[in-house]
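S.K.: This note's numbering puts the first sequence at residues -19 to 356. Cβ atoms here follow ideal geometry from the backbone N, Cα and C, with glycine treated the same way. For reference, the structure I am asking about is given below.
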Amino acid sequence: MFTLIKTDGSARRGRMTTPHGAIETPVFMNVGTQAAIKGALDAGDLERIGCQIELSNTYHLHVRPGEEIIRKLGGLHRFMKWEHPILTDSGGFQIFSLASLRKITEDGVHFHSHVDGCKIFMGPEESMAVQSALGSDIAMAFDECVANPATRPYVEASVARTTRWLERCKRTITELNAREDAVNPGQVLFGINQGGTYDDIRVEHMKRIAELDLAGYAVGGLAVGEPTEVMYHILDEVLPAAPADKPRYLMGVGTPANIIEGVRRGIDFFDCVMPARNARHGHLYTHEGVINLNNLKYAVDDRPIEEGCGCPTCRMHSRAYLRHLFRAQEMLACRLAVTHNLYFYNKLMADIRDAIDEDRYDAFRAAWVEPLSRRI
RNA sequence: GGGAGGAUUCCCGAGCGGCCAAAGGGGGCAGACUGUAAAUCUGUUGUCUAUGACUACGAUGGUUCGAAUCCAUCUCCUCCCA
């Protein structure tokens, strides 16, 4: 259930209620692919960094430990001790990221496990069954995330198949939710718009899936190599075709600037591995730009990552200490850095919500897009 | 005291007459990363008045058109025998 609280231009303040609580939007979903935030954060840490909703991955949890194990243990929420909302990605992104290990057919996708090479078949029914066993609050449709660039004929055929898969996903989740042993019978399905960089395919596809009256609509297959301006242009074209009363999710995006621009165009949900991955690699976000803690210039910098930041890392530790931990390859470096970056992202979203609430989103955007994009 | 093996650029370590400022690691310096096969990957790493020059492979002296590579002596290290 999604409620649009107010708008400021095209930016939207909303609230989505789920069986595990409400989500204030716009929101950033913190990515824990394998039921863990890389960098050694657990559910308690997620609460400390202001996370509202966690995202896990269907393919990866199917490979390891297997959804039946998680079902037996009471579902993903109980398994990882995160009793707030969870979204599961469908495995569609792995069609893209594990392209060399899979073959696509009309029924679904044959993968060779990246772990042990064993054969894995995942189609819409399988993905929905896994997501149902995991018991996430939001299940994503099994789509093909199309690589960029892709020819128009390829994209047309792929999108048509993704649409057929979506219909199968919808049918399947309805059946699974009706079962007495459903882990989370309130699980809802988000559809995913595809179409590469072809505006007309994108818009037609969005219109087509809008008819299916799903709980939410994602825009997928972006930030896969196309110029940022192309991504923004596609959002400008596609979002007017998405149902206004349903949440919109821009999958896998992005930088703070991408998020600010996405919100401006009417996106409500984001997720991205970037803050966690960059943190593990020593790149930390500040309101003046991204700093690379590996750089020599921070060797004796006694300041926190960012003055005034309320995160547990900044309250306690200096850049110089963190740089030392990175250089010495101490695990603590990752944990402290990821804590900061995810706190930063969640706080950015809270600031975005405040700006929309107070009808000053344009000014907020104008003030922050450039500084947040800097490398310093 | 006798015998054997070593000494290579910041470190380890390959090279055993020219294609050597010298493989490969490590370390250093920097860059990339967007629904996570990523605590990963890439570049770079003698000096300079820089499409060239200079200084370098323990030291010194030789052989050679040419030496990190061959010879002699010396210094230091390791191992074996007494």
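Cα-Cα, which of Gly234, Phe73, Leu273 is closest to Cys252?
M.R.: Walking along the first sequence from the start, residue 252 turns up at place 272. Nearest of Gly234, Phe73, Leu273 to Cys252, Cα basis: Gly234.
S.K.: Output yes or no for whether 8 angstroms exceeds the beta carbon distance between Met329 and Val7.
M.R.: Looking up residue 329 in the first sequence gives position 349. Looking up residue 7 in the first sequence gives position 27. In contact: Met329 and Val7 (Cβ atoms closer than 8 angstroms).
S.K.: Considering only the beta carbon of each residue, do Asn173 and Ala198 sit closer than 8 angstroms?
M.R.: In the first sequence, counting from the first residue as 1, residue 173 sits at position 193. In the first sequence, counting from the first residue as 1, residue 198 sits at position 218. For Asn173 and Ala198, yes; Cβs fall inside 8 angstroms.
S.K.: Going along the chain, which residues of its own chain have a beta-carbon closer than 7 angstroms to the beta-carbon of Pro(-1), five neighbours each way excluded?
M.R.: As a working mapping, residue -1 is identified with position 19 in the first sequence. Within the same chain, Pro(-1) has close Cβ partners Asp117, Asn164, Gly166.
S.K.: Between Gly(-11) and Cys314, what straight-line distance do the alpha-carbon atoms span, to the nearest angstrom?
M.R.: Counted from its first residue, the first sequence places residue -11 at position 9. Counted from its first residue, the first sequence places residue 314 at position 334. When rounded, the distance between both Cα atoms is 38 angstroms.
S.K.: Here's the rule I'm using: 16 or more other beta-carbon atoms within 10 Å means buried, otherwise exposed. How should Gln74 be labelled?
M.R.: Translated into positions along the first sequence, residue 74 becomes position 94. Answer is buried; the Cβ neighbour count reaches 16.
S.K.: Using a 10 Å radius around the Cβ and a threshold of 16 neighbouring Cβ atoms, would you call Leu53 buried or exposed?
M.R.: Numbered from its first residue, the first sequence carries residue 53 at position 73. By the neighbour-count rule (16 or more Cβ atoms within 10 Å), Leu53 is not buried but exposed.
S.K.: Would you say Phe91 and Met102 are within 8 angstroms of each other, going by their C-beta atoms?
M.R.: One-based indexing of the first sequence puts residue 91 at position 111. One-based indexing of the first sequence puts residue 102 at position 122. Contact flag set, yes.
S.K.: Keeping to the same chain, check which residues put their C-beta closer than 7 angstroms to that of Ala162; ignore five residues upstream and five downstream.
M.R.: Position 182 of the first sequence, counting from 1, holds the residue named residue 162. Cβ within range, chain order: Ser112, Leu156.
S.K.: Taking its Cβ as the centre, do 16 or more other Cβ atoms sit within 10 Å of Ile356, making it buried, or is it exposed?
M.R.: Start at 1 with the first residue of the first sequence, and residue 356 comes out as number 376. Exposed, because fewer than 16 other Cβ atoms sit within 10 Å of the Cβ of Ile356.
S.K.: Assess, as a yes-or-no matter, whether the segment 225 to 234 is touched by the segment 195 to 211 under the definition of 3 or more beta carbon pairs within less than 8 angstroms.
M.R.: Yes, they touch.
S.K.: My output table needs one value for Glu206: the three-state DSSP class, helix, strand or coil.
M.R.: As a first step, residue 206 must be located in the first sequence, where it is residue number 226. Here Glu206 sits in coil by DSSP.
S.K.: In angstroms, rounded to a whole number, what distance separates the CA positions of Cys125 and Thr142?
M.R.: Within the first sequence, residue 125 is the residue found at index 145, counting from 1. Within the first sequence, residue 142 is the residue found at index 162, counting from 1. Their Cα atoms are separated by approximately 9 angstroms.
S.K.: Could you say which of Asn275, Ala343, Glu338, Glu241 lies nearest to Arg(-7) if we only look at CA atoms?
M.R.: On the first sequence, position 13 is the one that residue -7 refers to. Nearest C-alpha to Arg(-7): Glu338.
S.K.: Take Ser298 and list the residues in its own chain whose beta-carbon comes closer than 8 angstroms to its own, dropping the five residues that flank it on each side.
M.R.: Within the first sequence, the letter at position 318 stands for residue 298. The residues are Asp281, Asp282, Arg283, Pro284.
S.K.: To which residues does DSSP link Arg228 through a beta bridge?
M.R.: Residue 228 sits at position 248 when you count from the first residue of the first sequence. In the DSSP output, where bridge partners are listed per residue, Arg228 has Tyr197.
S.K.: Should Glu86 be labelled buried (16 or more other beta-carbon atoms within 10 Å of its own) or exposed?
M.R.: To locate residue 86, count along the first sequence from 1; it is residue 106. So Glu86 ends up on the exposed side.
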